[in-house]
Amino acid sequence: MIIPPSLAQYFADRGGDDARAAAAAMAMGAWRARDDVRTIDALLARWAQCPPQDPAALQAALAPHIYDRGWVDALLASAVDLLRADPLNALPCTILPGPLLPGLLLLSHAGVTMTLHLVDAMALTASAEAMEDANLVFDGGLSAIVHLAGGAISYRRAQLGAGDGADCCNAKVSPPLLFFAGDIIAMDGARDAISIIGAACDALMLRISMGTPAPGSRHFAHRLSDGACVAQLCGDGAASRLLILLQYLGARRAVIDDAAMLLLRQYMGDAEPQLRWAAARIAIAHDPSAMRGAIADMAAGDGDDAVRRAATATLPLIDAALSARQAA
-15 MIIPPSLAQY FADRGGDDAR AAAAAMAMGA WRARDDVRTI DALLARWAQC
35 PPQDPAALQA ALAPHIYDRG WVDALLASAV DLLRADPLNA LPCTILPGPL
85 LPGLLLLSHA GVTMTLHLVD AMALTASAEA MEDANLVFDG GLSAIVHLAG
135 GAISYRRAQL GAGDGADCCN AKVSPPLLFF AGDIIAMDGA RDAISIIGAA
185 CDALMLRISM GTPAPGSRHF AHRLSDGACV AQLCGDGAAS RLLILLQYLG
235 ARRAVIDDAA MLLLRQYMGD AEPQLRWAAA RIAIAHDPSA MRGAIADMAA
285 GDGDDAVRRA ATATLPLIDA ALSARQAA
């Protein structure tokens, strides 16, 4: 039996952190040295250079490695052995936190990742009771999920039609379906998405994701209940990280100086519409007078309709603020 340490024990015994890190690194190194793991790692490395042509090719390439899952069992055994030896030991790979599908990052190569997830049956039940309506996101990349062990997983699958303008059409959402141990579901994220909605009992699931979205690419969120498109999301990983950083900058407007304003103006010319407008909003809040001309240009000629509409709606607000400032 493994007895988890208390926070007091953890902070009182930090002296052994280096030894614990070394033990975790040794366990991970031994696991990566297995022939079956090296074969799978080489497969992911090839996909990073030349992805499978379609979901069927992805599933066919994965299947031989799924039917014998000794490589996964070996990693879990190593993690348990580490915790038995010392409850403060770290797990031998990166933890991916999450309320419903927490996981471990097993392998990665330039945009191709393999992660192991616990499907928490009780958490999914509680979430379904608390959430009025969930969204599915079509992320544009090839991916696959594999049911490794445990109870049957319940999911709903949504698909978009092909052809021009399909990203704005309603998705066709299936009724609840079941996913059993040994099953593989491969998807093209441009037209296919899955939402895990329940499980008969806890289960282990493997996820393989690939594809580095191009600058300016979009993700689309659709309601699970009726398939309606409810949002367009940033699909560019670098731009997404900048959006998060801009949120912090916007919350600390006192630190914005001339150099920061120059950077914001650069971001206002980025290929990603959401990043352009996020930078514009912060710049407006800092100096509406200096930004009035740039916002007028965005309203007249930005390449994204949503940005043009937002800029057009913002111009009267800037003028009102400038008029109030002059009156004062």
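In case it helps, this note's numbering puts the sequence shown at residues -15 to 312.
For every residue, glycine included, the Cβ atom is placed at its ideal position computed from N, Cα and C.
No experiment lies behind these values; they were computed from the predicted model shown.
query: What does a CB cutoff of less than 8 Å around ALA40 pick up in its chain, not counting 5 residues either side in sequence?
result: In the sequence shown, the residue the question calls residue 40 occupies position 56. Correct list, in chain order: ALA170.
- prompt: Ends of the alpha helix (DSSP H) at ARG309?
  reply: Locating residue 309 in the sequence shown gives position 325, where the first residue counts as 1. Judged by DSSP secondary structure, ARG309 falls within the alpha helix (DSSP H) whose first and last residues are 289 to 311.
- prompt: By DSSP, does GLN143 sit in helix, in strand, or in coil?
  reply: For the purposes of this step, residue 143 is taken as the residue at position 159 of the sequence shown. DSSP, read as helix, strand or coil, puts GLN143 in strand.
message: Measuring only the C-alpha atoms, how far is ALA261 from LEU230?
response: Indexing the sequence shown from 1 puts residue 261 at position 277. Indexing the sequence shown from 1 puts residue 230 at position 246. Per the sequence presented here, residue 261 reads as Trp, with Ala not at that position. If you take the alpha carbons of TRP261 and LEU230, they lie about 11 Å apart.
query: Under the three-state reduction of DSSP, which class applies to ILE180: helix, strand or coil?
result: To locate residue 180, count along the sequence shown from 1; it is residue 196. In the structure shown, ILE180 sits in a strand (DSSP, three-state: E or B).
- prompt: Counting only runs that start and end within the stretch 83 to 125, where is the beta strand (DSSP E) found for 3 or more residues in a row?
  reply: As far as the stretch 83 to 125 is concerned, its whole beta strand (DSSP E) runs of at least 3 residues are 87 to 93, 96 to 103 and 119 to 122.
task: Classify TYR51 as buried or exposed, calling it buried when 16 or more other Cβ atoms lie within 10 Å of its own Cβ.
output: By 1-based counting over the sequence shown, the position of residue 51 is 67. Under this definition TYR51 is an exposed residue.
task: Tell me, please, which residues DSSP counts as bridged to HIS49.
output: To locate residue 49, count along the sequence shown from 1; it is residue 65. Looking at the DSSP assignment, HIS49 forms no beta bridge with any residue, so it has no partner.
field: Three-state class that DSSP yields for ALA313 in the structure shown
entry: Absent from the structure is residue 313, since the part of the chain shown begins at -15 and ends at 312.
query: By Cβ distance, which residues of its chain are closer than 6 Å to ALA155, with the 5 residues on each side in sequence left out?
result: The sequence position of residue 155 within the sequence shown is 171, counting from 1. For ALA155, where only same-chain residues beyond five positions count, the Cβ hits under 6 Å are ALA142, LEU144, HIS206 and GLY211.
- prompt: What is the rounded straight-line gap between the Cα of PRO272 and the Cα of TYR251?
  reply: Residue numbering aside, residue 272 sits at position 288 when the sequence shown is read from its first letter. Residue numbering aside, residue 251 sits at position 267 when the sequence shown is read from its first letter. If I take the Cα positions, the gap works out to 17 Å.
query: What are the residues that DSSP puts in a beta bridge with MET189?
result: As a first step, residue 189 is located in the sequence shown; it is residue number 205 there, counting from the start. Beta-bridge pairing links MET189 to HIS101 and HIS131.
message: Tell me the rounded alpha-carbon separation between LEU270 and ALA255.
response: Translated into positions along the sequence shown, residue 270 becomes position 286. Translated into positions along the sequence shown, residue 255 becomes position 271. Looking at the sequence shown, residue 270 is not Leu but His. CA-CA distance, HIS270 to ALA255, rounds to 23 Å.
- prompt: Under 8 Å, do GLY14 and LEU66 count as touching if we go by C-beta distance?
  reply: Mapped onto the sequence shown, residue 14 falls at position 30. Mapped onto the sequence shown, residue 66 falls at position 82. Going by the sequence as given, residue 14 is Ala instead of Gly. Cβ atoms of ALA14 and LEU66: not closer than 8 Å.
- prompt: Distance, Cα to Cα, THR97 vs LEU46?
  reply: Within the sequence shown, the letter at position 113 stands for residue 97. Within the sequence shown, the letter at position 62 stands for residue 46. Going from the Cα of THR97 to the Cα of LEU46 covers about 13 Å.
Short Cβ contact (8 Å threshold) for PRO76 with ALA61: Walking along the sequence shown from the start, residue 76 turns up at place 92. Walking along the sequence shown from the start, residue 61 turns up at place 77. No, these two residues do not count as a Cβ contact at 8 Å.
- prompt: Which first and last residues belong to the alpha helix (DSSP H) in which LEU28 is found?
  reply: Residue numbering aside, residue 28 sits at position 44 when the sequence shown is read from its first letter. Counting along the chain, the alpha helix (DSSP H) containing LEU28 begins and ends at 19 to 33.
Under 8 Å between C-beta atoms of ALA267 and MET245: Taking the sequence shown and counting its residues from 1, the one referred to as residue 267 is at position 283. Taking the sequence shown and counting its residues from 1, the one referred to as residue 245 is at position 261. It is a contact, given that the beta carbons lie within the stated cut-off.
task: Provide the residue(s) that pair with VAL157 in DSSP beta bridges, ordered along the chain.
output: Numbered from 1 along the sequence shown, position 173 holds the residue referred to as residue 157. Answer is ALA142, bridged to VAL157.
- request: Reducing DSSP to helix, strand and coil, say where ALA205 ends up.
  value: Locating residue 205 in the sequence shown gives position 221, counting from the first residue. Here ALA205 sits in strand by DSSP.
message: Buried or exposed, going by whether 16 or more other CB atoms sit within 10 Å of the CB of PHE164?
response: The count along the sequence shown starts at 1 and reaches residue 164 at position 180. Result: exposed.
- prompt: For ARG140, which of ILE192, ILE180 and CYS213 has the nearest alpha-carbon?
  reply: As a working mapping, residue 140 is identified with position 156 in the sequence shown. Among ILE192, ILE180 and CYS213, the Cα nearest to that of ARG140 is on ILE180.
query: Where does GLY125 land, buried or exposed, given buried means 16+ other C-beta within 10 angstroms?
result: Here residue 125 is taken as the residue at index 141 of the sequence shown, counted from 1. Burial call: buried.
- request: Please say whether LEU85 and LEU100 have beta carbons closer to each other than 8 Å?
  value: In the sequence shown, counting from the first residue as 1, residue 100 sits at position 116. In the sequence shown, counting from the first residue as 1, residue 85 sits at position 101. No, these two residues do not count as a Cβ contact at 8 Å.
message: Judging by CA-CA distance, which residue of ALA5, ALA112, ARG53 and HIS131 is the nearest neighbour of LEU162?
response: Here residue 162 refers to the residue found at position 178 when the sequence shown is read from its first residue. LEU162 has its Cα closest to that of HIS131, out of ALA5, ALA112, ARG53 and HIS131.
Distance between beta carbons of ALA305 and THR296, contact taken as under 8 Å: By 1-based counting over the sequence shown, the position of residue 296 is 312. By 1-based counting over the sequence shown, the position of residue 305 is 321. With 8 Å as the limit, THR296 and ALA305 do not qualify as a contact, their Cβ atoms being about 16 Å apart.
- prompt: If we count the other Cβ atoms within 10 Å of its Cβ and call it buried at 16 or more, is LEU120 buried or exposed?
  reply: Taking the first residue of the sequence shown as 1, we reach residue 120 at position 136. Counting C-beta atoms within 10 angstroms of its own C-beta, LEU120 has 16 or more neighbours from the protein chains shown and is therefore classed as buried.
task: Taking all protein chains shown into account, decide if PRO257 is buried (16 or more other Cβ within 10 angstroms of its Cβ) or exposed.
output: By 1-based counting over the sequence shown, the position of residue 257 is 273. Buried, by the Cβ-count rule.
- prompt: Thinking just about the alpha-carbon of each residue, which of ALA280, SER158, ASP20 and ASP286 is nearest to the one in LEU301?
  reply: As a working mapping, residue 301 is identified with position 317 in the sequence shown. Considering only alpha carbons, the answer is ALA280.
field: Distance between ARG175 and VAL56 (C-alpha atoms, nearest Å)
entry: Indexing the sequence shown from 1 puts residue 56 at position 72. Indexing the sequence shown from 1 puts residue 175 at position 191. A straight-line Cα-Cα distance of about 30 Å links VAL56 and ARG175.
- prompt: Based on the DSSP output, what are the partners of LEU80 in its beta bridges?
  reply: Mapped onto the sequence shown, residue 80 falls at position 96. Under the DSSP definition of a beta bridge, LEU80 partners with GLY87.
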